[in-house]
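Numbering of the sequence shown is given in this note's numbering, commencing with residue 1 and proceeding in unit increments. Data block below; observations after.
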Amino acid sequence: MNKRRSLQWKLTVITAIIVILSCLAISYAISKSAIASMSKIENSAVAILPANPATDTTGEVVQLQITTKDVISDMAKGIQADFWKSSLLITIIITVASSSMMYFFIGYALKPLKNLGEQIEDIQAKNLKHLVLTDQSSIEIEQLTNAFNEMLERLSNTFAAQRQFSANAAHELRTPLAVMRTKLEVFEKNNNPNSTDYQETVNMIRMQTSRLSHVIDILLEMTDLQSAQKQDHISLADMAEEVICDLTALADKKNITISQNPGT
């Protein structure tokens, strides 16, 4: 299973790798410089012999032979080995210490981002509140928060328009249905309907069905924002006349008189 690491952990690992490489590079450079200096000292070494020949207890002359260069070479190799061991130990200590410090420093620096994530988790469609910046927020966090707030504003406007559209669509669909139901109830109460009554009822149902079909076509068309017309010229007088015509039967049933002035 692929386990994802946190950003804090990833930054700490990257920092540790950089510290290790830096320490090794510094140690290598210092070691090369030290080895070069030791080689110069080794090549310029001069054997220092006693001024007088040494004698043992029997009085015989003892010949002393000092190989200064070999001694210095062995000492240089030992010093180099100790230097590399010390460098490795120091590198480990510095890496552990710096990685621990960077882990907590990075966690502190990413705390505003964590708070931002917690605020985002609390946001729902019915609660599109703006995010609140903290005093510890950096410029990047502030830019991210402002961008997210702008997106929330657009979403809020979109949801509001959607709710308004749904309410308008429900009203447009409910009105023809109410007119047809009222007309059918009036027709049902007529004990002796004639051909004219039948014709009026059929015409009314045909007209309201056509209106419903037109509303449905508009709804389907508006699902594609590119094909929906943003500017329409609407005659309020014709619309009012159509509404009055549709509601005449319902108004008569409730003894309500609806009138319209010509041209308005």
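We put the beta carbon where it would ideally sit given N, CA and C, even for glycine. Because the structure is a prediction, the values reported are computed rather than measured.
Contacts around residue i, its chain only, beta-carbon distance under 8 Å, and the 5 residues preceding and following it disregarded
i, result
"residue 22", "none"
"residue 154", "none"
"residue 190", "197"
"residue 219", "169"
For residue i, the residue or residues it bridges with in DSSP
i, result
"residue 208", "Paired residue(s): none; residue 208 is not in a bridge."
Neighbourhood of residue i by C-beta, 6 Å cutoff - its chain only, sequence neighbours within 5 removed
i, result
"residue 19", "95, 98"
"residue 159", "none"
"residue 11", "106"
"residue 176", "208, 211, 212"
"residue 85", "none"
"residue 16", "95, 99"
Per-residue burial, residue i [other beta carbons within 10 Å of its own, 16 or more giving buried]
i, result
"residue 88", "exposed"
"residue 193", "exposed"
"residue 101", "exposed"
"residue 116", "buried"
"residue 180", "buried"
"residue 26", "exposed"
"residue 208", "buried"
"residue 257", "exposed"
Endpoints, alpha helix (DSSP H) assigned at residue i
i, result
"residue 176", "139-189"
Where residue i sits in the DSSP three-state scheme
i, result
"residue 257", "coil"
"residue 33", "helix"
"residue 6", "coil"
"residue 203", "helix"
"residue 110", "coil"
"residue 115", "helix"
"residue 19", "helix"
Own chain partners of residue i with C-beta closer than 7 Å, once the 5 adjacent residues on each side are dropped
i, result
"residue 7", "110"
"residue 124", "none"
"residue 156", "128"
"residue 173", "212, 215"
Residue-level contact to chain D via CB, residue i, 8 Å cutoff
i, result
"residue 152", "In the structure shown, chain D cannot be found, because there is only a single protein chain."
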